[in-house]
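Protein chains in written order, with the working numbering: chain A, 786 to 1147; chain B, 786 to 1147; chain C, 786 to 1147; chain D, 786 to 1147.
Okay, structure first, notes after.
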């Protein structure tokens, strides 16, 4: 991706010679995330184009220099099936990390596929080889977990898990998930696993609504069939007029926030995890929407390594009960990455996956 | 107060004959709160005019029927100096109280001086006698506490305390208090008592700014001298560019919310306690103001009896160190209640106090 | 139950005439709890013998005087299927309730079947009729819930739920439940519903171990087959040597506490919910068992109405997935209550149920 | 310190040549901690004698190789006044750090002056020069903070702060501090700064009792004058029979734990921070001491860098109000280190400080 809106190109690069503590990954799959679409449209500030997109990937280790360990404490060896936390260089040593204790806001962190230029190396997932630096957290996939369900969850898995934990979803909660892209769908699954009594999800189109139900949503609302007012009314009807305990916004539409505050119960928790890019503003009434409701509105930014680790463990554990893998609508070879972006943008797919070694879309 | 905007009138009423478990209070002082101004202008929904304003009062017990105990567990006897939690009939038995655990949002609660009509009895503070029902929580004033510092804090004391606890102000936090009416001033005091490293307060006029400093604010910003942009810049400068840990909005102006989110640190807590009436909306950008900041925005509604109890204990304990009493700018006899409302509205006073037995403003 | 160790007798009492706000329950089932065994052996202090045992019961409303509402806000009418929170008169108005916020330790509370003498009325469950006072919290059973699965959980349901919430069991936790009486079995079920990754339970005999597995335990340890040292080793082996995240002690044996601290992970949470009576002391090493482990050891006493409400809702919701009802090993008519006590004490049954209208043990 | 109980010797070592990212500190002061006494008596397991004691120190930077930054983000330069977190190599990358989130229990960490052998380098404070590794967290002292008040708090400052935060001491709490060595005295100061209503401390001798009062304790109990039973009674009398909200055990005596559980209020929090070495066991009654009290017993192990940072900031901020420096009873040259150990053990001093450049005890 050379510049915003420019056509994507595949480029040959030399295989890097490793420094001590580095590893080279042969990429099996990397995901196409909604953020990649925003990236392509230049909607993120401070991006050092040109870059290699792809912040989540899974592959086999091709080469290791010196001693490298995964977070699980196992040595990383050639042939191992691993992934990595897309966020490199969280310092763990600054005021933000140590005192404010907001590691996802550490000013030093760098993100594979987003804040690394391709000049800096093979630091993005849409590539045959990926360089794992000395500082990037590496994770072994559990033995029983295949790459497909893992990449199906993609960054939506840890992000959805973070949102569910941030909202303190617990036994008996009624939860409303706004938006059923990969983050929303994962939030449905994790909310249910946390003991939510009822998970209601809204979005479109039909294929995503079905996927949300398959993954844990008890009920879904099609936003093309029901107006905002109808949706609010339906939520209130399903909650004896009280509103839901927890809402997870995972759609990135500012208007959803107005809808959300209208169907949150007094003292409820509202997690905004879908606004990774600036999609504009929304009118909020501090009296009615926040103070009088004694509401908690909780921004949720990024992920910590623990979210990747735990999400991965849960995907492994539920791989027989939950159809994670069905969220993949298509595998694309590197040459078709631009088509993958277009398909994601048009909501033609739930999850598009780049398979660098593939030669055609199955 | 017969109707919104109507002139206030003093009316003779018969002394009620008590039911078992009731008490009659001879009112020494009742406060004039900003809410009373809103009440007079008809800005609160569902108010059963005519009513006797005054939700906080202190007095001596004149008569008791049967056994009555204060929250402290002491029998309430004639001559005792007591106050009461203005919120009557919080049921403690409904879904909101028991499961959602949001007692300040219990649908059954009634508020002295606000949601009781004068047809229902002497259930407001601006009166010579006040009826204490079987269900209203009564509190004895600590022996060492005079009525003046207690009424000086008024409902701002427990409300400010609730906001500080809601914001989890703790050792070392930098706190910004927006608005320095009685709630904001109390928030300055309590934030400091909780170990805040630095409390910055903004508002006007000069007398209130001085009061805020006397009560605990380390620094104050005069909103008539500094624009919103300047204030944000000043806050950022005082926090090495990070923003403050906790903000307490206590001014009721929707624009303050926009200012607040701009100077909150990543992962900070923002308590909205000033929006007791609907003062309109404000444009919020979910990406910049909430998600990207990993912010917590916390509505704060009403008080629980514990807040009255604890605030009262703290006023007693700090009565020699903090000039609570100086916040009272004037005592008004019942006949001058309307003038008191006008003085509060014009910010001519910090706290106006109704003294039913007074005959002239000292 | 006339006195400790005395034979149980059935006694005829007049049907009470109701006061306003009271109701009379025709008892369908009341449970036999381990506490009842302790009660019979005089192991609880301050019990006002003679009394009618039975702190949990379910029945149909036979008579209502005046207006009575359940916690759900529905009017209580003749023929309704209801239960009640066994704890009456939690005041909600004292320092313990309001400031310390420990309602289960309110000094004013009275417990049906335990701290009410039979002189005070029909205030225990092992009776044909039960008086519901003006102050006891009443709950309607959900429409889809039969009395059998409800009484099968008995007081173990809300108690086990309280312990799981107290231990903050959450997504991915490994949980060890010590003791598989009704509290332990319910804790297995609720821990799993909260997203525990793995629940290990220990106890005996085989029937209880099987019940624990049927209700949610992933693995069980038979304490008659494995020594304490073996159990500790097995737990450590199952947790890569780290120990479990949460332990719930539900067996009442002081030695279990020593076992527990030995297999808790650093920073783990250990809930002691099984020690409702004084079973003696145990040697704890503050350095090794608490400080060095950075452990949390959490006492868990009694239940709040919310625990009954939520446990009941979850029993209703999982009635098709979890065999709550199979925990009932036998129904006993009133005349056989002493036999029920003996069967519970000898662990011959998991849960014994008193069925006042039954005439023989099915 | 060559071996347990062996006489201390001063040894000449070559000045190390620095690796990239290392710094050399010229030590001004290092503290003598109770742990050093235990170390000398061989009471800690797994200590790699011989070693250079001293886990907290302050000095000026003598030499820097490459780029080194303090936690505050400032470059570390020659002549800077700095300290360091005594805990090196907390990995931030293992299950304990990332998932269990218990960084003070990270299995990879190494402690200056305790778990580093003197064979490994100048990694202890009782030395003229100290090597700061690439991984040890370095902190600049605030400009207004002199080395004396900083070293006066020593490791007691961050440890006491950790205990106060672990006990969630907050506005209005009554707090009992058991033990008034440096940790207990710091806990008195920080509890008061957090808004504790009343801090009671127990211990001996008189000089320490006076220091505790000077630093924040409202009342002190001399353990040589009052028996355990008397102390419990006195605490109960001071809390209307309820017991205290929070207890901080900072004395290392197992019997103190029994005393503590006897005067903790129902639902109170009890932090065990004094048991850094194994001083044996104590009989605890799970029913009376934990379950029935609904108590929280919280182990508290080690410190995180944030505790050092925040404690240091608070010492700087309160340096004019609190006599931190008076806790230093004596400065000892290196040659008198053994005498310092003996004075600490005999409670002849509150805090002994090693001053490597000193030539005689002032």
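For each residue, glycine too, the CB sits at the ideal point set by N, CA and C.
Query raised in the report: Are residue 865 of chain A and residue 845 of chain A close, meaning C-beta to C-beta below 9 angstroms?
Result: Judged by their CB atoms, residue 865 of chain A and residue 845 of chain A are nearer to each other than the 9 angstroms cut-off.
Query raised in the report: Where does residue 1147 of chain D fall in DSSP's three states?
Result: Caution applies to residue 1147 of chain D, whose pLDDT of 40 falls short of 50 and renders its modelled position unreliable; the model cannot decide the point.
Query raised in the report: Is the stretch 978-997 of chain C touching the stretch 946-964 of chain C in the sense that three or more CB pairs, one from each, lie closer than 8 angstroms?
Result: The stretch 946-964 of chain C vs the stretch 978-997 of chain C: in contact.
Query raised in the report: Got a sec: is the Cβ-Cβ distance from residue 1089 of chain A to anything in chain C below 9 angstroms?
Result: With respect to chain C, the C-beta atom of residue 1089 of chain A has no partner C-beta closer than 9 angstroms.
**Report entry** Extent of the continuous alpha helix (DSSP H) run through residue 1044 of chain D
**Finding:** Counting along the chain, the alpha helix (DSSP H) containing residue 1044 of chain D begins and ends at 1039-1047.
Report task. Would you check if there are 3 or more beta carbon pairs closer than 8 angstroms linking the stretch 1065-1072 of chain D to the stretch 1047-1067 of chain C? Result -> A contact exists between the stretch 1065-1072 of chain D and the stretch 1047-1067 of chain C.
Requested in this report: Take the Cβ of residue 956 of chain C as the centre, count every other Cβ of all protein chains shown within 10 Å, and call the residue buried at 16 or more, exposed below.
Outcome: Label assigned to residue 956 of chain C: buried.
Requested in this report: From the DSSP output, in three-state form, read off residue 1062 of chain C for me.
Outcome: Note: residue 1062 of chain C maps to coil in three-state DSSP.
Query raised in the report: When the cut-off is 9 angstroms and only beta carbons count, does residue 1085 of chain B lie next to chain A?
Result: Yes, because at least one Cβ of chain A sits closer than 9 angstroms to the Cβ of residue 1085 of chain B.
Query raised in the report: Taking DSSP as the reference, what is the three-state secondary structure of residue 869 of chain A?
Result: Here residue 869 of chain A carries a strand assignment [DSSP, helix/strand/coil].
Requested in this report: Output, in sequence order along the chain, the residues in the stretch 1095-1109 of chain B whose CB is closer than 8 angstroms to any CB in chain D.
Outcome: Closer than 8 angstroms at the C-beta level to chain D, one finds these residues of the stretch 1095-1109 of chain B: 1095, 1098, 1099 and 1102.
Report task. Determine the direct distance from the alpha carbon of residue 839 of chain A to that of residue 786 of chain A, and round the result to whole angstroms. Result -> Inter-residue distance for residue 786 of chain A and residue 839 of chain A is about 11 angstroms (C-alpha atoms, whole angstroms).
Query raised in the report: Quick check: the stretch 958-971 of chain B against the stretch 1048-1062 of chain B, are there 3 or more CB pairs under 8 angstroms?
Result: Between the stretch 958-971 of chain B and the stretch 1048-1062 of chain B, the count of C-beta pairs closer than 8 angstroms reaches three or more; the two stretches touch.
Query raised in the report: Rounded to a whole number of angstroms, what is the C-alpha to C-alpha distance between residue 857 of chain A and residue 890 of chain C?
Result: Roughly 43 angstroms separates the two Cα atoms.
Query raised in the report: In the structure shown, what three-state DSSP assignment does residue 1091 of chain C receive?
Result: Three-state result, residue 1091 of chain C: helix.
Query - C-beta contact flag for residue 1083 of chain A and residue 1075 of chain B at 9 angstroms - result: Closer than 9 angstroms, so yes.
Requested in this report: Ignore the nearest five residues each way along the sequence and tell me which others in residue 906 of chain A's own chain have a CB closer than 7 angstroms to its CB.
Outcome: 801 and 916.
Query - Proximal residues to residue 1146 of chain B (C-beta, below 7 angstroms), its chain only, five neighbours per side dropped - result: In this prediction, residue 1146 of chain B has a pLDDT of 42, which is less than 50 and means its spatial position is unreliable; what the coordinates show is noted afterwards. These residues qualify, in order along the chain: 1115, 1116, 1117 and 1121.
Query raised in the report: Can you find a C-beta in chain C that's less than 9 angstroms from the C-beta of residue 941 of chain A?
Result: Residue 941 of chain A does not count as touching chain C.
Requested in this report: Please name the residue in B:1129, B:1140 and B:1142 whose C-alpha comes closest to that of residue 822 of chain B.
Outcome: For the options B:1129, B:1140 and B:1142, the alpha carbon positioned closest to that of residue 822 of chain B is the one of B:1129.
Query raised in the report: Any Cβ of chain A within less than 9 angstroms of the Cβ of residue 812 of chain D?
Result: Not an interface residue.
Report task. Report the residue from C:833, C:1067 and C:877 whose alpha carbon sits nearest the alpha carbon of residue 1043 of chain C. Result -> For the residues C:833, C:1067 and C:877, the minimum Cα distance to residue 1043 of chain C belongs to C:1067.
Query raised in the report: Is the number of C-beta pairs between the stretch 845-854 of chain C and the stretch 797-816 of chain C that are closer than 8 angstroms three or more?
Result: With the cut-off at 8 angstroms, the stretch 845-854 of chain C and the stretch 797-816 of chain C touch.
Query raised in the report: Taking the continuous alpha helix (DSSP H) assigned at residue 968 of chain B, which residues delimit it?
Result: Unbroken alpha helix (DSSP H) run through residue 968 of chain B: 967-978.
Query raised in the report: Going along chain D in order, which residues have a C-beta closer than 7 angstroms to the C-beta of residue 1063 of chain C?
Result: Listed along chain D are 1070, 1072 and 1073, each with a C-beta nearer than 7 angstroms to that of residue 1063 of chain C.
Query raised in the report: Would you say residue 880 of chain A faces chain D, with C-beta separation under 9 angstroms as the test?
Result: For residue 880 of chain A, the nearest beta carbon of chain D is closer than 9 angstroms to its own beta carbon.
Report task. For the stretch 918-936 of chain D, enumerate the residues whose C-beta is nearer than 9 angstroms to any C-beta of chain A, in chain order. Result -> Listed in chain order, the positions of the stretch 918-936 of chain D with a beta carbon within less than 9 angstroms of a beta carbon of chain A are 922.
Query raised in the report: Does residue 851 of chain B have its Cβ less than 9 angstroms from a Cβ in chain C?
Result: Interface with chain C (9 angstroms Cβ-Cβ cutoff): residue 851 of chain B is excluded.
Requested in this report: Note the first and the last residue of the continuous alpha helix (DSSP H) segment covering residue 936 of chain C.
Outcome: Residue 936 of chain C -> alpha helix (DSSP H) spans 932-938.
Report task. On the DSSP bridge assignment, give the partners of residue 812 of chain D in chain order. Result -> In the DSSP output, where bridge partners are listed per residue, residue 812 of chain D has D:844.
Query raised in the report: Quick one: Cα of residue 825 of chain A to Cα of residue 1014 of chain C, how far?
Result: Rounded to the nearest angstrom, the two C-alpha atoms are 60 angstroms apart.
Query raised in the report: With C-beta atoms as the reference, is residue 972 of chain D less than 9 angstroms away from residue 1033 of chain D?
Result: With contacts defined as CB atoms closer than 9 angstroms, residue 972 of chain D and residue 1033 of chain D qualify as a contacting pair.
Query raised in the report: Can the beta-carbon of residue 860 of chain A be found less than 9 angstroms from the beta-carbon of residue 867 of chain A?
Result: Contact flag unset, no.
Query raised in the report: DSSP beta-bridge partners for residue 1084 of chain A?
Result: According to DSSP, residue 1084 of chain A bridges with A:1057.
Query raised in the report: Would you call the stretch 919-939 of chain C and the stretch 1106-1113 of chain C touching, i.e. three or more CB-CB distances under 8 angstroms?
Result: Yes: the two stretches touch, three or more of their Cβ pairs being nearer than 8 angstroms.
**Report entry** Closer than 8 angstroms at the beta carbon, the chain A residues around residue 1120 of chain C
**Finding:** Under the 8 angstroms cutoff, chain A gives no residues; its nearest Cβ is about 39 angstroms from residue 1120 of chain C.
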